[in-house]
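Residue numbers (the working numbering): 75 to 141.
Where is the CB? At the ideal position from N, CA and C, for every residue including glycine.
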């Protein structure tokens, strides 16, 4: 089972993407994949996560500092 795990994951992912394309359409599926990829990138790489959190904190400070 362990040696076939990448094959099972790939098959399951392909099946899920195919079902999504048939039910919600190509561009909606593409948007979901892009958002999921960005989320995985943010969650998986701590340096990027810290950069984005710092950027959001600076943005919030700029917005609310004016009031």
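Using only the alpha-carbon positions, how far apart do residue 80 and residue 88 sit?
Looking up residue 80 in the chain shown gives position 6. Looking up residue 88 in the chain shown gives position 14. In a straight line, the C-alpha of residue 80 is about 12 Å away from that of residue 88.
Looking at the structure shown, is residue 119 part of a helix, part of a strand, or coil, going by DSSP?
Stepping through the chain shown from its first residue, residue 119 is reached at position 45. Coil, per DSSP.
Along the chain, where does the alpha helix (DSSP H) containing residue 99 start, and where does it finish?
As a working mapping, residue 99 is identified with position 25 in the chain shown. Segment: none, residue 99 is in no alpha helix (DSSP H) and carries neither H nor E.
Straight-line gap, residue 127 to residue 85 (C-alpha atoms, nearest Å)
By 1-based counting over the chain shown, the position of residue 127 is 53. By 1-based counting over the chain shown, the position of residue 85 is 11. Here the C-alpha atom of residue 127 lies approximately 35 Å from the C-alpha atom of residue 85.
Would you report the Cα separation of residue 136 and residue 76, rounded to the nearest angstrom?
Walking along the chain shown from the start, residue 136 turns up at place 62. Walking along the chain shown from the start, residue 76 turns up at place 2. Cα to Cα, residue 136 sits roughly 51 Å from residue 76.
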